[in-house]
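Accompanying notes for the structure given below.
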Amino acid sequence: MATLRFHELGLDDRLLKAIADLGWAKPTLIQEKAIPLAMEGKDILARARTGSGKTAAYSIPIIQNLLQSKLTVSEQAVQVLILVPTKELGQQVQQMIRQLTSYCSRDIRVADISGQVDVSAQRPILMEKPDIVVGTPSRVLCHMNQGTLCVRDSLQAMVIDEADLIFSFGFEDDLKNLLCQLPKIFQSFLMSATFNEDVQALKELVLHNPVTLKLEESQLPDSSQLTQYQIQCEEEDKFLLLYTLLKLSLIRGKTILFVNDVDRSYRLKLFLEQFSIPTCVLNSELPVQSRCHIIAQFNQGFYDYIIATDEHSLAEPRKKEKKATGRKKKGKGEKGQDSEYGVSRGIDFQNVSTVLNFDFPLSVDSYIHRAGRTARANNPGVVLTLVAHTELSLLAEIEEALGGTGTGESVLCPYRFRMEEVEGFRYRCRDAMRSVTKQAIKEARLKEIKEELYSTLRN
Numbered sequence: 001m002a003t004l005r006f007h008e009l010g011l012d013d014r015l016l017k018a019i020a021d022l023g024w025a026k027p028t029l030i031q032e033k034a035i036p037l038a039m040e041g042k043d044i045l046a047r048a049r050t051g052s053g054k055t056a057a058y059s060i061p062i063i064q065n066l067l068q069s070k071l072t073v074s075e076q077a078v079q080v081l082i083l084v085p086t087k088e089l090g091q092q093v094q095q096m097i098r099q100l101t102s103y104c105s106r107d108i109r110v111a112d113i114s115g116q117v118d119v120s121a122q123r124p125i126l127m128e129k130p131d132i133v134v135g136t137p138s139r140v141l142c143h144m145n146q147g148t149l150c151v152r153d154s155l156q157a158m159v160i161d162e163a164d165l166i167f168s169f170g171f172e173d174d175l176k177n178l179l180c181q182l183p184k185i186f187q188s189f190l191m192s193a194t195f196n197e198d199v200q201a202l203k204e205l206v207l208h209n210p211v212t213l214k215l216e217e218s219q220l221p222d223s224s225q226l227t228q229y230q231i232q233c234e235e236e237d238k239f240l241l242l243y244t245l246l247k248l249s250l251i252r253g254k255t256i257l258f259v260n261d262v263d264r265s266y267r268l269k270l271f272l273e274q275f276s277i278p279t280c281v282l283n284s285e286l287p288v289q290s291r292c293h294i295i296a297q298f299n300q301g302f303y304d305y306i307i308a309t310d311e312h313s314l315a316e317p318r319k320k321e322k323k324a325t326g327r328k329k330k331g332k333g334e335k336g337q338d339s340e341y342g343v344s345r346g347i348d349f350q351n352v353s354t355v356l357n358f359d360f361p362l363s364v365d366s367y368i369h370r371a372g373r374t375a376r377a378n379n380p381g382v383v384l385t386l387v388a389h390t391e392l393s394l395l396a397e398i399e400e401a402l403g404g405t406g407t408g409e410s411v412l413c414p415y416r417f418r419m420e421e422v423e424g425f426r427y428r429c430r431d432a433m434r435s436v437t438k439q440a441i442k443e444a445r446l447k448e449i450k451e452e453l454y455s456t457l458r459n
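Positions 1 to 459 (UniProt numbering) are the ones given, in order, by the sequence shown.
Dropping the structure here:
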């Protein structure tokens, strides 16, 4: 439990004002541990769960150290690199830093170059030499190779955020080539939700005598903050249950509906449209600008329900794949999907009340990361998982991983729901499901991409 207050950390008044505007009363555990060490210049390897405040844990000391250096150094230069595995995370990191520098924006400038715009369009931004540059390893390396970004004489700190995803998203070679163009001495941060083999390899590459923060906290918030339920049902019953839960307002507030593939997301969207329940979809087929626009709309309350696709190949990226099959085209996976996309990790959905696993997660990690989209900070949340009889073994794995097996109590409590009481709705659901044909799904996918592209162009 955090005991310090932000004003006790020796932070600049402008930074404290921005933190107050964000409504943060006190540091989270990772922030309390990491900020003082980072302000001393220590290299840090930190593991903390999704939603624990890792971004601010490195952003606050970086901004503080930059403000201090500005007192004695007047030359403008890129002093900080923040490497991220996904474009969505890049945009969110930039947004967080802009919020934290709202009272010192003339002194501290940040640029996000992780987007898919043409490299030449980003040159003017880098010519202004922002203090902090955020980007994927491939995009940062591209600018270094073209001479539009040079930090060999100016870099003071580098962050690798979501470090456990960097290699598995195909950035291993880019990162190693990038490191060759950095100075020998700079402060480094590795922030991760897990300590896997890739993180250990990164540790050897970029850290020097690091302080390791392996916080002793559960993978998910406890039951006083996060309530987890499961309903055992078959395929047709899933649609009937969802319709009933939404129509009877048994699920309230902003909700993420997780499915396992793109077709499934449009099938569910079209099904709910039959009952005038508006939703938006989020998947790797959509252009990155469209995805960011959809996330912003959901966060701003334009939609209460977002159907998020957690594709198998992206939920569990195949490590070292490019070594076996040759390097894939940059930023693209199979069928035109964006291989730098990961919905259950690195996307900051705000004020989510409920996560509903319409399709069962494909691994324990996937369940944990999906559940981590709700009950963030001090807000309560609910996870409801629909479980087919063929998925009971996976349910047992999740129970065991979360400490429910052998204790006599289930972590995912049975949701008390009497199916016989909603049988009267079944015929409506069957009619709606029949109207959602393969051709209708195909047309919806094309329509969604076109509409989002037009909307992005207008904005």
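All C-beta atoms, glycine included, are put in the ideal place defined by N, C-alpha and C. This one's a predicted model, so the numbers in the text were calculated from it and none came from an experiment.
Is the CB-CB distance between residue 43 and residue 200 below 8 Å?
Along the sequence shown, read from residue 1 onward, the residue named residue 43 stands at position 43. Along the sequence shown, read from residue 1 onward, the residue named residue 200 stands at position 200. Contact flag unset, no.
Provide the residue(s) that pair with residue 157 in DSSP beta bridges, ordered along the chain.
The residue given as residue 157 occupies position 157 in the sequence shown. In the DSSP output, where bridge partners are listed per residue, residue 157 has 80 and 187.
Per DSSP, what kind of secondary structure is residue 12 in: helix, strand or coil?
The residue labelled residue 12 in the question sits at position 12 within the sequence shown. Coil at residue 12, not helix or strand.
Would you mind sorting residue 7 into buried or exposed? The rule is 16 or more other CB atoms within 10 Å of its CB.
Looking up residue 7 in the sequence shown gives position 7. Exposed, because fewer than 16 other Cβ atoms sit within 10 Å of the Cβ of residue 7.
If you count every other CB in all the chains shown that lies within 10 Å of the CB of residue 116, and 16 or more means buried, which is it?
Position 116 of the sequence shown, counted from the start, is the residue given in the question as residue 116. Exposed, since its Cβ has fewer than 16 Cβ neighbours within 10 Å.
Provide the residue(s) that pair with residue 414 in DSSP beta bridges, ordered along the chain.
Counted from its first residue, the sequence shown places residue 414 at position 414. 230, per the DSSP bridge assignment.
The beta strand (DSSP E) spanning residue 429 covers which residue range?
As a working note, residue 429 is residue 429 in the sequence shown. Not the beta strand (DSSP E): residue 429 falls in the alpha helix (DSSP H), residues 426–435.
Figure out for me which residue from 19, 195, 238 and 422 has the closest Cα to the Cα of residue 248.
Numbered from 1 along the sequence shown, position 248 holds the residue referred to as residue 248. Selected option, being the one with the closest Cα: 422.
Less than 8 Å between the CB atoms is what I'm expecting for residue 373 and residue 256, so what's the real figure, rounded?
Locating residue 373 in the sequence shown gives position 373, where the first residue counts as 1. Locating residue 256 in the sequence shown gives position 256, where the first residue counts as 1. Contact holds; Cβ gap of about 6 Å.
Could you please give me the residues that DSSP links to residue 258 through a beta bridge?
Taking the sequence shown and counting its residues from 1, the one referred to as residue 258 is at position 258. Beta-bridge pairing links residue 258 to 308 and 357.
Quick one, which of 152, 174, 383 and 159 has its alpha-carbon nearest residue 229's?
Within the sequence shown, residue 229 is the residue found at index 229, counting from 1. Closest option to residue 229, Cα to Cα, is 383.
If you run the structure through DSSP and keep just helix, strand and coil, what is residue 174?
The residue given as residue 174 occupies position 174 in the sequence shown. Helix, per DSSP.
Determine the extent of the beta strand (DSSP E) in which residue 134 is found, giving its start and end residues.
Here residue 134 is taken as the residue at index 134 of the sequence shown, counted from 1. 132–135 is the extent of the beta strand (DSSP E) around residue 134.
Taking the DSSP output, what are the residues bridged to residue 383?
For the purposes of this step, residue 383 is taken as the residue at position 383 of the sequence shown. Answer is 228 and 355, bridged to residue 383.
If you drop the 5 nearest sequence neighbours on each side, which residues of the same chain put their C-beta closer than 6 Å to that of residue 9?
Reading the sequence shown from its first residue, position 9 is the one you call residue 9. Same-chain partners within the cutoff: 35.
So, using beta-carbon positions, are residue 87 and residue 262 closer together than 8 Å?
As a working mapping, residue 87 is identified with position 87 in the sequence shown. As a working mapping, residue 262 is identified with position 262 in the sequence shown. No.
Can you look up residue 214 in the DSSP assignment and give me helix, strand or coil?
Here the question's residue 214 lines up with position 214 in the sequence shown. DSSP places residue 214 in strand when its eight states are reduced to three.
Taking the alpha-carbon of residue 267 as reference, which of 196, 435 and 397 has the nearest alpha-carbon?
Position 267 of the sequence shown, counted from the first residue, corresponds to residue 267. The candidate whose alpha carbon is nearest that of residue 267 is 435.
Quick one: residues in its chain with C-beta nearer than 6 Å to the C-beta of residue 61, no 5 flanking neighbours on either side, listed in chain order?
Counted from its first residue, the sequence shown places residue 61 at position 61. The answer, listed in chain order, is 35, 38 and 39.
Would you check if there are 3 or more beta carbon pairs closer than 8 Å linking the region 80–96 to the region 123–137?
With the cut-off at 8 Å, the region 80–96 and the region 123–137 touch.
Do residue 192 and residue 162 have their CB atoms nearer than 8 Å?
Counting from one through the sequence shown, the residue named residue 192 turns up at place 192. Counting from one through the sequence shown, the residue named residue 162 turns up at place 162. In contact: residue 192 and residue 162 (Cβ atoms closer than 8 Å).
Reducing DSSP to helix, strand and coil, say where residue 364 ends up.
Within the sequence shown, the letter at position 364 stands for residue 364. DSSP places residue 364 in helix when its eight states are reduced to three.
In three-state terms, what does DSSP make of residue 320?
For this step, residue 320 is matched to residue 320 along the sequence shown. Bear in mind that a pLDDT of 38 at residue 320, under 50, signals an unreliable position, so the model cannot answer this.
Give the secondary structure of residue 46 by DSSP, where H, G and I count as helix, E and B as strand, and everything else as coil.
One-based indexing of the sequence shown puts residue 46 at position 46. DSSP places residue 46 in strand when its eight states are reduced to three.
Sorted by chain position, which residues of the same chain lie with C-beta nearer than 7 Å to residue 240's C-beta, five sequence neighbours on each side aside?
Here the question's residue 240 lines up with position 240 in the sequence shown. For residue 240, where only same-chain residues beyond five positions count, the Cβ hits under 7 Å are 422, 425, 426 and 429.
When we look at the beta-carbon of residue 147 and count the other beta-carbons within 10 Å, is it buried (16 or more) or exposed?
On the sequence shown, position 147 is the one that residue 147 refers to. When all chains shown are included, residue 147 counts as exposed.
Tell me which residues share the same chain as residue 204 and place their Cβ nearer than 8 Å to its Cβ, disregarding the 5 neighbours each side in the sequence.
For this step, residue 204 is matched to residue 204 along the sequence shown. Contacts found: none.
Identify which residue in 349, 142, 139 and 442 has its Cα closest to the Cα of residue 253.
Counted from its first residue, the sequence shown places residue 253 at position 253. With distances taken between Cα atoms, residue 253 lies closest to 349.
Determine the burial state of residue 130: buried for a count of at least 16 other Cβ atoms within 10 Å of its Cβ, exposed for fewer.
Taking the first residue of the sequence shown as position 1, residue 130 is located at position 130. Buried, because 16 or more other Cβ atoms sit within 10 Å of the Cβ of residue 130.
Give the single residue among 180, 149, 139 and 190 whose Cα lies nearest to the Cα of residue 170.
Counting from 1 along the sequence shown, the entry for residue 170 is found at position 170. Out of 180, 149, 139 and 190, 139 has the C-alpha closest to the C-alpha of residue 170.
If you reduce the DSSP assignment to three classes, tell me which class residue 388 lands in.
Residue mapping note: residue 388 aligns to position 388 of the sequence shown, counting from 1. Coil, per DSSP.
Does DSSP put residue 280 in a helix, in a strand, or in coil?
Within the sequence shown, numbered from 1, the residue matching residue 280 stands at position 280. In the structure shown, residue 280 sits in a strand (DSSP, three-state: E or B).
Since residue 111 sits in a beta bridge, which residues does DSSP pair it with?
To locate residue 111, count along the sequence shown from 1; it is residue 111. DSSP lists 133 as partners of residue 111.
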